[in-house]
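Worksheet: the structure to be examined is printed underneath.
Protein chains: 2
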Amino acid sequence: MHKLAKALGEKIRVKRKAKGLSQDALALSCKVDRSYMGRIERGEVNITVEKLYRIANTLECEPKSLLPETLHLHELASDFPD
Amino acid sequence: MHKLAKALGEKIRVKRKAKGLSQDALALSCKVDRSYMGRIERGEVNITVEKLYRIANTLECEPKSLLPETLHLHELASDFPD
Chain A
1 MHKLAKALGE KIRVKRKAKG LSQDALALSC KVDRSYMGRI ERGEVNITVE
51 KLYRIANTLE CEPKSLLPET LHLHELASDF PD
Chain B
83 MHKLAKALGE KIRVKRKAKG LSQDALALSC KVDRSYMGRI ERGEVNITVE
133 KLYRIANTLE CEPKSLLPET LHLHELASDF PD
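Going down the list, the sequences are from chains A and B.
Residues 1 to 82 in the working numbering are what the first sequence lists, from first letter to last.
Residues 83 to 164 in the working numbering are what the second sequence lists, from first letter to last.
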């Protein structure tokens, strides 16, 4: 259901592992609760743009590099129910 | 104080005007409250990535094109108080 959050979380996870950081270390650096960071990576929560910037800052990458490709309209529709 | 939200809101406003859309029309299309869209453009609220995608979808642009350039660390620090 939450394709966007899942795709974003997966990108964060991949980048974090590429940096050799543990989930706990990333959470600590971003001042995010450990369990919440797990939920972010599993795509269970819809993070704010501010949090995206904090995470990108810790991962030393551009925030936009963590954004999934634009989903097709029908996928957006399923992500964004009325 | 909220440089990130302000920069993001300004980018949304510029893109919206370039598309010839009113704030109300954008709000309606994104299923966002009119007054909330005003707050977004003024940088008074910190939107979610999901909302960023909805707005970009209506503005027919890539979500990442609406993201401000990565702020310098000291600017991030002022944006993200402990």
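No residue lacks a Cβ here, since even glycine has one placed at the ideal position from N, Cα and C.
- Residue range 23 to 30 is occupied by the alpha helix (DSSP H) that includes A:ASP24.
- The beta carbon of A:ARG39 lies closer than 6 Å to those of VAL45 in the same chain, with the five residues before and after it left out.
- At a beta-carbon threshold of 8 Å, the residues of chain B lying near A:LEU8 are VAL131, ordered along the chain.
- A Cβ of chain B is located within less than 8 Å of the beta carbon of A:GLU62.
- In the same chain as B:LYS101, and ignoring 5 residues on each side of it, the C-beta atoms closer than 8 Å to its own belong to LEU141 and GLU142, in chain order.
- Interface annotation for the stretch 101 to 115 of chain B against chain A: LYS113, criterion Cβ-Cβ distance under 7 Å.
- For A:THR70, the three-state secondary structure derived from DSSP is coil.
- Using a Cβ-Cβ cut-off of 8 Å, A:TYR53 counts as an interface residue toward chain B, since at least one Cβ of chain B sits closer than that to its own.
- Sorting A:THR48, A:GLU50, A:ALA56 and A:VAL49 by C-alpha distance to the C-alpha of A:ARG16 places A:ALA56 at the top.
- In this structure, B:ARG95 sits near B:GLU123, with a CB-CB distance shorter than 8 Å.
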